[in-house]
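Numbering (UniProt numbering), first residue to last: 1 to 258. All C-beta atoms in this analysis are idealised placements derived from N, C-alpha and C, irrespective of residue type, glycine included. The structure under discussion appears below in the form of structure tokens.
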Amino acid sequence: MDLSLRTVTVMRYILPLREGGSLPALAEADDDFKYVLKFRGGGHGVKMLISELLGGKIAQVLGLKIPELVFANLDVDFGRTEADEEIQDLLKFSEGLNMGLHFLSGAIAYDPSVKIDPLLASKIVWLDAFITNIDRTFKNTNLLMWHKELWVIDNGASFYFHHNWQNFDAAAKTPFKYVKDHVLLKQASKLDEADAFAKTVLNDEVFRQIVELIPLEWLDWNDTEMSPDEIRDVYFNFMKTRFANTEIFVNEAKNARG
Numbered sequence: 001m002d003l004s005l006r007t008v009t010v011m012r013y014i015l016p017l018r019e020g021g022s023l024p025a026l027a028e029a030d031d032d033f034k035y036v037l038k039f040r041g042g043g044h045g046v047k048m049l050i051s052e053l054l055g056g057k058i059a060q061v062l063g064l065k066i067p068e069l070v071f072a073n074l075d076v077d078f079g080r081t082e083a084d085e086e087i088q089d090l091l092k093f094s095e096g097l098n099m100g101l102h103f104l105s106g107a108i109a110y111d112p113s114v115k116i117d118p119l120l121a122s123k124i125v126w127l128d129a130f131i132t133n134i135d136r137t138f139k140n141t142n143l144l145m146w147h148k149e150l151w152v153i154d155n156g157a158s159f160y161f162h163h164n165w166q167n168f169d170a171a172a173k174t175p176f177k178y179v180k181d182h183v184l185l186k187q188a189s190k191l192d193e194a195d196a197f198a199k200t201v202l203n204d205e206v207f208r209q210i211v212e213l214i215p216l217e218w219l220d221w222n223d224t225e226m227s228p229d230e231i232r233d234v235y236f237n238f239m240k241t242r243f244a245n246t247e248i249f250v251n252e253a254k255n256a257r258g
């Protein structure tokens, strides 16, 4: 599977999408497509972008529907004509590579009362428990219906261990108690099947490919003296360890369903 990302240049800021603290926006790029942009100058900075990238690529390998992810380059002069000072500051601090998700025109938010395939629900719950995504709940589903299919969006609240950046080996073995709040948990009656499927498509080679996608400029952190390669290794080892211990979070999800 080709896991590479295209790089586009943002040409036009269309409008802010005032959801959460990161101030994503709808924008148009030089390929004439529209994207939902996640900015490095937003709330959790590049760590949120890394979560979006890693979570999105794992979802892709699992065969889930997810909008195309692209690296979105923001030129230094972009946004100087923006009247809103908050947005102007956001754009100024987001010079360089950001994250874009292809805009699904006409998509609607997933209604939790709509029944979906139990294996699909189980794969999404498995994904979120694996990447420790705390933000796919009834309050904020981060799922869209587009052309009668369920699409996964917004994985920026995953891999939350990196906000502390210590004891990542222990973090990899946590049961993920937040799975009890997952919007699809009650429909996820095939968690063992989802786990077995994941074992057929994910492996250390895939995890290594995915962490190598993280741009160098997203790995210059103030809160660690680690080199970019050492930071990539932490993400790799987190996923490798968590994948070797999936029964911990699968059992937590099954118990939460019970």
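Residue i (DSSP reduced to helix, strand or coil)
| i | result |
| --- | --- |
| residue 212 | coil |
| residue 34 | strand |
| residue 160 | helix |
| residue 228 | helix |
| residue 175 | coil |
| residue 6 | strand |
| residue 126 | helix |
| residue 266 | Given that the chain is displayed from residue 1 to residue 258, the structure contains no residue 266 and the question cannot be resolved. |
| residue 132 | coil |
| residue 253 | helix |
| residue 50 | helix |
| residue 169 | helix |
| residue 248 | helix |
| residue 242 | helix |
| residue 114 | coil |
| residue 205 | helix |
| residue 58 | helix |
| residue 85 | helix |
| residue 188 | coil |
| residue 41 | coil |
| residue 223 | coil |
| residue 193 | helix |
| residue 65 | coil |
Residue i, buried or exposed, once every other Cβ within 10 Å from all chains shown has been counted against 16
| i | result |
| --- | --- |
| residue 154 | buried |
| residue 158 | buried |
| residue 128 | buried |
| residue 132 | buried |
| residue 51 | buried |
| residue 44 | buried |
| residue 188 | buried |
| residue 239 | buried |
| residue 177 | exposed |
| residue 108 | exposed |
| residue 173 | exposed |
| residue 115 | exposed |
| residue 42 | buried |
| residue 94 | buried |
| residue 99 | buried |
| residue 198 | buried |
| residue 38 | buried |
| residue 150 | buried |
| residue 258 | exposed |
Bridge partner(s) assigned by DSSP for residue i
| i | result |
| --- | --- |
| residue 217 | Its beta-bridge partners do not exist; DSSP assigns none. |
| residue 237 | In DSSP, residue 237 forms no bridge with anything. |
| residue 12 | 28 |
| residue 97 | 73 |
| residue 151 | 144 |
| residue 108 | 145 |
| residue 182 | 137 |
| residue 102 | 35 |
Heavy atom of the ligand MN within 7 Å of residue i beta-carbon
| i | result |
| --- | --- |
| residue 202 | The ligand MN is not part of the structure shown, which contains no ligands of any sort. |
Meets three-Cβ-pair contact criterion under 8 Å: the stretch 221-228 and the stretch 58-73: Counting Cβ pairs under 8 Å, fewer than three are found: no touch.
Cβ contact (3+ pairs, closer than 8 Å) linking the stretch 162-171 and the stretch 119-130: Not touching, per the Cβ criterion.
Three or more C-beta pairs below 8 Å linking the stretch 85-97 and the stretch 131-151: With a cut-off of 8 Å, the stretch 131-151 and the stretch 85-97 do not count as touching, because too few Cβ pairs lie within range.
Cβ pair count under 8 Å reaching 3, the stretch 181-190 against the stretch 63-78: At 8 Å Cβ cutoff, the stretches do not touch.
The stretch 231-250 touching the stretch 189-204, judged by at least three CB pairs closer than 8 Å: Cβ pair count under 8 Å is three or more, so yes.
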